[in-house]
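Peer 1:
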Amino acid sequence: MADETTDYAIKLDIFEGPLDLLLYLIKKNEIDLYNIPIALITEQYLQYLKIIKSLNLDLAGEYLVMASTLIHIKSKMLLPVPDEPSDEETEEDPRAELVKQLLEYQSFKEAAADLGKRPLLERDVFTRSAPINDDVETLAEAEDELVEVNIFELIEAFHRLVSRIDNKELLEIDLEKLSITDIINDIMERLNREKNLTFEELLGERIDRRHIIYTFLAILELIKMKMVKAYQTSAFGVIRIFPAVES
Amino acid sequence: MENFKAVIEALILASEAPLALEKICVILEGVEKAEVKKTIEQLIVDYNERQSGICLTEVAGGFQFRTRSELSPWIKKLKGSKPASLSPAALETLAIVAYRQPIVKAEIESIRGVDVSAPLKGLLEKKLIRIVGRKDVPGKPIIYGTTKKFLEVFNLKDLSELPTLRELKELSHSSETT
Numbered sequence: 002m003a004d005e006t007t008d009y010a011i012k013l014d015i016f017e018g019p020l021d022l023l024l025y026l027i028k029k030n031e032i033d034l035y036n037i038p039i040a041l042i043t044e045q046y047l048q049y050l051k052i053i054k055s056l057n058l059d060l061a062g063e064y065l066v067m068a069s070t071l072i073h074i075k076s077k078m079l080l081p082v083p084d085e086p087s088d089e090e091t092e093e094d095p096r097a098e099l100v101k102q103l104l105e106y107q108s109f110k111e112a113a114a115d116l117g118k119r120p121l122l123e124r125d126v127f128t129r130s131a132p133i134n135d136d137v138e139t140l141a142e143a144e145d146e147l148v149e150v151n152i153f154e155l156i157e158a159f160h161r162l163v164s165r166i167d168n169k170e171l172l173e174i175d176l177e178k179l180s181i182t183d184i185i186n187d188i189m190e191r192l193n194r195e196k197n198l199t200f201e202e203l204l205g206e207r208i209d210r211r212h213i214i215y216t217f218l219a220i221l222e223l224i225k226m227k228m229v230k231a232y233q234t235s236a237f238g239v240i241r242i243f244p245a246v247e248s
Numbered sequence: 289m290e291n292f293k294a295v296i297e298a299l300i301l302a303s304e305a306p307l308a309l310e311k312i313c314v315i316l317e318g319v320e321k322a323e324v325k326k327t328i329e330q331l332i333v334d335y336n337e338r339q340s341g342i343c344l345t346e347v348a349g350g351f352q353f354r355t356r357s358e359l360s361p362w363i364k365k366l367k368g369s370k371p372a373s374l375s376p377a378a379l380e381t382l383a384i385v386a387y388r389q390p391i392v393k394a395e396i397e398s399i400r401g402v403d404v405s406a407p408l409k410g411l412l413e414k415k416l417i418r419i420v421g422r423k424d425v426p427g428k429p430i431i432y433g434t435t436k437k438f439l440e441v442f443n444l445k446d447l448s449e450l451p452t453l454r455e456l457k458e459l460s461h462s463s464e465t466t
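Here is the structure:
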């Protein structure tokens with residue numbers, strides 16, 4: 002087998018795992034998958050393992066498990082078969098499980114190759130060059146023009162606003178007393194008057210950190226109490242706050 | 289409304305994502321669905337017959353104009369960038385998810401015989417697969433499935449267009465021989 006060493010070296014990095022390596026050995030030896038000469042395959046497998054080990058220790062773990070499986074099967078097959086052939090069904094070939102696994106893996110390997118051969122978007126076929134917006138996917142499925150906003154998008158909007166404030170302002174100490182209840186009342190009043198408002202509109206002129214935080218907390222509180230609803234027209238669109246019930 | 293073939297053609301071109309038949313029907317109020325479908329099929333034939341550089345493709349539950357795959361070298365020249373390709377590991381993992389979904393990581397690993405953390409992460413980032421939920425077993429493992437983008441990227445109408453796996457046939461064959 003020494004003359005095949007070069008062959009090993011070339012093939013090493015293309016194996017996707019122990020099953021892939023076994024399939025390769027089976028193909029190389031032109032073996033019938035349903036009748037694997039386990040001694041031969043185990044020997045060749047261990048040969049490969051030696052090389053893999055010498056090159057890349059990280060790889061060895063999963064390969065070692067398979068090695069022990071192979072040796073286990075081999076030892077089982079060496080055991081004498083009991084004279085009385087019990088039910089053929091119960092007396093399973095020790096290789097059966099492995100064969101099943103190999104077949105399953107092989108079929109997915111083929112399926113993967115088939116997938117790779119399809120005309121792939123942005124590789125073989127192209128659409129009109131509107132960029133594919135990844136995040137639209139879930140949103141595009143909704144029928145309504147308005148999309149309900151989740152908490153993360155609200156936080157995102159909050160973040161954008163905070164980052165917009167001049168840093169100097171953050172240093173000023175504001176002693177004005179604020180309460181979330183006041184702001185909630187204020188928001189509800191304005192919403193009832195104006196039907197819907199964006200977060201920015203709700204803040205109005207009072208763009209300082211405390212107001213933004215209080216307004217944000219007030220909106221979260223209102224959403225929790227199901228008194229308002231937050232919608233946007235598209236991903237990353239402007240978030241609008243609506244009163245939940247017309248009063 | 290006589291020339292709604294032109295309308296449909298325009299709608300599909302103007303739509304950013306593959307345009308669903310139902311959506312076209314909603315826009316073309318009062319036109320029978322079967323009629324719309326027939327017209328789209330006619331459009332597909334038109335584009336094929338005139339040997340145009342683009343073809344009308346049914347993909348991801350809708351219709352979209354795409355360039356012909358034979359012309360890809362030219363478009364690559366235009367775009368200049370190399371398309372990000374999937375590694376064999378990613379492709380195998382994706383195939384398993386596509387065929388066996390909903391599926392948990394341990395099941396994918398038992399088929400591939402290796403750890404699939406890295407390819408799973410890559411596929412999630414590329415939005416080809418998504419988390420569908422959690423399985424109600426100890427540890428609540430994450431369940432994965434493919435996305436609509438998977439259908440778009442792989443030029444599939446829907447999941448049923450995936451070719452059937454050879455496996456089942458083979459397995460029944462194996463039980464006969466052993």
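Which chain is which? The protein sequence lines are B and X, in order.
If you count by my numbering, then the first sequence holds residues 2 to 248, one letter each, in order.
If you count by my numbering, then the second sequence holds residues 289 to 466, one letter each, in order.
Even glycine gets a Cβ: it sits at the ideal position worked out from N, Cα and C.
If you're wondering where the values come from, they're calculated on a predicted model, not measured in any experiment.
1) My output table needs one value for Pro244 of chain B: the three-state DSSP class, helix, strand or coil.
2) Is the CB of Asn336 of chain X under 9 Å away from at least one CB in chain B?
3) What does the Cβ neighbour count give for Arg418 of chain X, buried or exposed, with the cut at 16 atoms within 10 Å?
4) Based on Cα-Cα distance, which residue from X:Leu444, X:Asp403, X:Gly350 lies nearest to Ile296 of chain X?
5) Going along the chain, which residues of its own chain have a beta-carbon closer than 7 Å to the beta-carbon of Asp135 of chain B, five neighbours each way excluded?
6) Give me the Cα-Cα distance between Arg124 of chain B and Met189 of chain B, rounded to the nearest whole angstrom.
7) What residues in the stretch 315-341 of chain X bring their beta carbon closer than 7 Å to a beta carbon of chain B?
8) Shorter than 8 Å, the distance from the beta carbon of Ile53 of chain B to the closest heavy atom of the ligand COA, or not?
9) What beta strand (DSSP E) runs, 3 residues minimum, are completely inside the stretch 338-381 of chain X?
10) How is the beta strand (DSSP E) around Ile419 of chain X delimited, first residue to last?
11) I'd like to confirm the pairing. Which residues does DSSP put opposite Gly433 of chain X in its beta bridges?
12) For Asp115 of chain B, which of X:Glu413, X:Arg338, X:Leu379, X:Gln339 has the nearest alpha-carbon?
13) Identify the continuous alpha helix (DSSP H) that holds Ala294 of chain X and give its terminal residues.
14) So is Ile156 of chain B buried or exposed if we call it buried at 16+ other beta carbons inside 10 Å?
15) Can you look up Ala82 of chain B in the DSSP assignment and give me helix, strand or coil?
16) Closer than 6 Å by C-beta to Glu138 of chain B: which residues in its own chain qualify, once you throw out the five before and the five after it? Chain order, please.
17) What does DSSP give as the partner residue(s) for Val392 of chain X in the beta ladder?
18) In three-state DSSP terms, what is Leu453 of chain X?
19) Going by beta carbon distance, what residues of the same chain come within less than 6 Å of Ile133 of chain B, once the five residues before and after it are set aside?
20) If we define contact as Cβ-Cβ less than 9 Å, is Arg356 of chain X a contact residue for chain B?
21) Step through the CB atoms of chain B and report whether any lies within less than 9 Å of the CB of Val420 of chain X.
22) For the stretch 103-121 of chain B against the stretch 437-456 of chain X, are there 3 or more C-beta pairs whose distance is under 8 Å?
23) State the Cα-Cα distance for the pair Glu395 of chain X and Leu47 of chain B, rounded to the nearest angstrom.
24) Answer yes or no: do Ile39 of chain B and Ile27 of chain B have a C-beta to C-beta separation smaller than 9 Å?
25) Between Lys110 of chain B and Leu24 of chain B, is the Cβ-Cβ spacing less than 9 Å?
26) Is it a yes or a no for the stretch 402-421 of chain X touching the stretch 367-386 of chain X, going by three-plus beta-carbon pairs under 8 Å?
27) Is the Cβ of Phe351 of chain X closer than 9 Å to any Cβ of chain B?
28) DSSP beta-bridge partners for Thr128 of chain B?
29) Determine, using beta carbons only, whether Ala394 of chain X comes closer than 9 Å to chain B.
30) Pro19 of chain B touches chain X at which residues, Cβ-Cβ below 7 Å?
31) Taking the CB atoms as reference points, tell me whether Phe200 of chain B and Phe217 of chain B lie closer together than 9 Å.
32) Strictly below 7 Å CB to CB, what residues from chain X border Ser235 of chain B?
33) Should Ala348 of chain X go down as buried or exposed, given a rule of 16 or more other Cβ atoms within 10 Å for buried?
34) Count the other CB atoms, across all protein chains shown, that sit within 10 Å of the CB of Thr182 of chain B; report buried if there are 16 or more and exposed otherwise.
35) Whose Cβ in chain X lies nearer than 7 Å to the Cβ of Pro120 of chain B?
36) Quick one: Cα of Lys101 of chain B to Cα of Ser55 of chain B, how far?
Peer 2: Taking the coordinates as given:
1) DSSP places Pro244 of chain B in strand when its eight states are reduced to three.
2) No, Asn336 of chain X lies away from the interface with chain B (no Cβ there is under 9 Å from its Cβ).
3) Taking all protein chains in view, the Cβ of Arg418 of chain X is crowded by 16 or more other Cβ atoms within 10 Å, so the residue is classified as buried.
4) Relative to the Cα of Ile296 of chain X, the nearest Cα in the group X:Leu444, X:Asp403, X:Gly350 belongs to X:Gly350.
5) In this prediction, Asp135 of chain B scores a pLDDT of 46, lower than 50, which makes its location untrustworthy; the coordinate-derived value is nonetheless stated afterwards. Nothing meets the Cβ criterion.
6) For Arg124 of chain B and Met189 of chain B, the distance between alpha carbons rounds to 52 Å.
7) So the list is empty, because no residue satisfies the distance condition.
8) With respect to small molecules bound, the structure shown includes none, and the ligand COA cannot be examined in it.
9) The qualifying runs are 342-347, 350-355.
10) Per DSSP, Ile419 of chain X belongs to the beta strand (DSSP E) from 417-422.
11) X:Arg418, per the DSSP bridge assignment.
12) Nearest of X:Glu413, X:Arg338, X:Leu379, X:Gln339 to Asp115 of chain B, Cα basis: X:Leu379.
13) That run of the alpha helix (DSSP H) goes 292-302.
14) With fewer than 16 other Cβ atoms within 10 Å, it is exposed.
15) First, the amino acid is wrong: residue 82 of chain B is Val here, not Ala. The answer is coil: DSSP assigns Val82 of chain B none of H, G, I, E or B.
16) Since pLDDT at Glu138 of chain B reaches only 41, below the 50 mark, its modelled position is unreliable, and no value is offered.
17) Residue pairing for Val392 of chain X: DSSP places it in a beta bridge opposite X:Ile431.
18) Correct three-state label for Leu453 of chain X: coil.
19) Caution applies to Ile133 of chain B, whose pLDDT of 47 falls short of 50 and renders its modelled position unreliable; the value that the coordinates give is listed next. Taking Ile133 of chain B as the centre and dropping the five residues before and after it, the same chain places no C-beta closer than 6 Å to its C-beta.
20) It does; some Cβ of chain B falls within 9 Å.
21) Closer than 9 Å: no.
22) The answer is yes - the stretch 437-456 of chain X touches the stretch 103-121 of chain B, with three or more Cβ pairs under 8 Å.
23) When rounded, the separation of the alpha-carbon atoms in Glu395 of chain X and Leu47 of chain B is 26 Å.
24) Ile27 of chain B is positioned such that its CB atom lies no closer than 9 Å to that of Ile39 of chain B.
25) By the CB criterion at 9 Å, Lys110 of chain B and Leu24 of chain B fall inside the cutoff.
26) Yes, the stretch 402-421 of chain X is in contact with the stretch 367-386 of chain X.
27) Chain B contact via Cβ: absent.
28) Answer is X:Arg354, bridged to Thr128 of chain B.
29) At a cut-off of 9 Å between C-beta atoms, Ala394 of chain X does not count as an interface residue with respect to chain B.
30) Result: Gly401.
31) In this structure, Phe217 of chain B lies closer than 9 Å to Phe200 of chain B by Cβ.
32) Using a Cβ-Cβ cut-off of 7 Å, Ser235 of chain B is close to nothing in chain X; its nearest Cβ partner there is about 11 Å away.
33) Looking at its Cβ environment, which holds 16 or more other Cβ atoms inside 10 Å, Ala348 of chain X is buried.
34) Exposed: under 16 other Cβ atoms inside 10 Å.
35) For Pro120 of chain B, the residues of chain X that pass the 7 Å Cβ criterion are Ser357, Asn443, in the order they occur in the chain.
36) Approximately 30 Å between the Cα atoms of the pair.
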